[in-house]
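Take a look at the structure set out below.
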Amino acid sequence: MKPAVGPGAGQRDGPTDDAAAQESPMTGTKPVGAEPGQEARWVRQMFARVAPRYDLLNHLLSFQIDRYWRRFTVEKVRDILERPGTRVLDLCCGTGDLVAALERVHRRPVFGVDFCRPMLNEAHHKLGSRARLIEADALVLPLPSECFDVLTIAFGLRNLADYRKGLDEMHRLLRAGGSLAVLEFSWPRGRLVGPLYGFYFRHLLPCLGGVISGAGKAYRYLQQSVERFPSSDELSGAIRAAGFREVRDWPLTGGIAVLHVAVK
Ligand SMILES: C[S@@+](CC[C@H](N)C(=O)[O-])C[C@H]1O[C@@H](n2cnc3c(N)ncnc32)[C@H](O)[C@@H]1O
Numbered sequence: 019m020k021p022a023v024g025p026g027a028g029q030r031d032g033p034t035d036d037a038a039a040q041e042s043p044m045t046g047t048k049p050v051g052a053e054p055g056q057e058a059r060w061v062r063q064m065f066a067r068v069a070p071r072y073d074l075l076n077h078l079l080s081f082q083i084d085r086y087w088r089r090f091t092v093e094k095v096r097d098i099l100e101r102p103g104t105r106v107l108d109l110c111c112g113t114g115d116l117v118a119a120l121e122r123v124h125r126r127p128v129f130g131v132d133f134c135r136p137m138l139n140e141a142h143h144k145l146g147s148r149a150r151l152i153e154a155d156a157l158v159l160p161l162p163s164e165c166f167d168v169l170t171i172a173f174g175l176r177n178l179a180d181y182r183k184g185l186d187e188m189h190r191l192l193r194a195g196g197s198l199a200v201l202e203f204s205w206p207r208g209r210l211v212g213p214l215y216g217f218y219f220r221h222l223l224p225c226l227g228g229v230i231s232g233a234g235k236a237y238r239y240l241q242q243s244v245e246r247f248p249s250s251d252e253l254s255g256a257i258r259a260a261g262f263r264e265v266r267d268w269p270l271t272g273g274i275a276v277l278h279v280a281v282k
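Numbered according to my numbering, the sequence shown spans residues 19 to 282.
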């Protein structure tokens, strides 16, 4: 069972199966149907299938709110983005929406990392020749330590096979004083928003997403992975445990998403 801390505790119908209920919240993604040890491969193949329609579905199914969440993320690191000489990395960059939003403020290229080639191809189309994209696994990055001042990750952490290892790798890459921004889905707390969102997220979204993308599995995974992801407080604790300080969080749109920002 999830510990009785955090906004999610006792307020959502959490994981329903016993195995999920027993495990620690800070493990890693466990897609239903993925063999143990094959979670990352399962995730990569799933994103490869949805890549051509990822943007369309993202904007459609979130009613375009995802654009606002990314802009909010950029605003929270704007100060450091505007400093000359700052180096910026977006992990799990997917089709490059956050890279593009960061570049609008930074006015210089932002590095993007993802391990799914079809998602990176979409990012290449969007960003053009200025793209600085690297195909690599976020858990073992082929990059030197302490080479970035800002590191962002949007809707990526939840998909990693090992959340702690991912946070450790982010800590390794940032320079002292650098900022980490983690944008991720969460479960809204409100008495009205919670149940409404639950209905939309558990029933309508997998159905609509499946019909439009032709990949129903991907949208069932989305719902399942969000439900078993750590609460905002648990994630704050894990970010601190990875060595970050000044951890702050902002619930967005009634708590559907949460932005965590921390300093190394
Ligand atoms: C939900 S998408 C988010 C994409 C983008 N950040 C956005 O805001 O739309 C998650 C992305 O994380 C990538 N990803 C998942 N696990 C990864 C890993 N271990 N290493 C690198 N990329 C990973 C997937 O390929 C996918 O493109």
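Each residue gets a CB set at the ideal place from its N, CA and C atoms; glycine is no exception.
Classified as exposed, residue 74 has fewer than 16 neighbouring CB atoms from the shown chains inside 10 Å of its CB. Rounded to the nearest angstrom, the gap between the Cα atoms of residue 240 and residue 165 is 32 angstroms. Looking at the backbone, the Cα of residue 206 and that of residue 212 are separated by about 5 angstroms. Under the three-state reduction of DSSP output, residue 60 falls in the helix class. Using a Cβ distance threshold of 8 angstroms, residue 72 and residue 140 count as a contacting pair. For residue 257, the uninterrupted alpha helix (DSSP H) run begins and ends at 250-259, by DSSP. Taking the CA atoms as reference points, residue 65 sits about 19 angstroms from residue 246. Following the DSSP letters along the chain, one finds residue 171 inside the beta strand (DSSP E) bounded by residues 166-172.
By the beta-carbon neighbour count (other beta carbons within 10 angstroms, threshold 16), residue 224 is buried.
Looking at 145, 84 and 118, the one whose alpha-carbon comes closest to that of residue 276 is 84. Looking at the DSSP output, residue 268 shares a beta bridge with 277. Rounded to whole angstroms, the gap between the alpha carbons of residue 278 and residue 228 is 30 angstroms. Taking 8 angstroms as the cut-off, the Cβ atoms of residue 95 and residue 197 count as close.
Residue pairing by DSSP places residue 108 opposite 130 and 170 in a beta bridge. Here residue 49 is not near residue 68, since their CB atoms are 8 angstroms or more apart. Assigned with DSSP and collapsed to three states, residue 192 falls in strand. Linking residue 235 to residue 220 through their CA atoms gives a straight-line distance of about 13 angstroms. Within the same chain, 83 come within 7 angstroms of residue 271 by CB-CB distance, once the 5 residues on both sides are set aside. With at least 16 other beta carbons inside 10 angstroms of its own, residue 168 counts as buried. Residue 157 has its Cβ nearer than 7 angstroms to a heavy atom of ligand 1.
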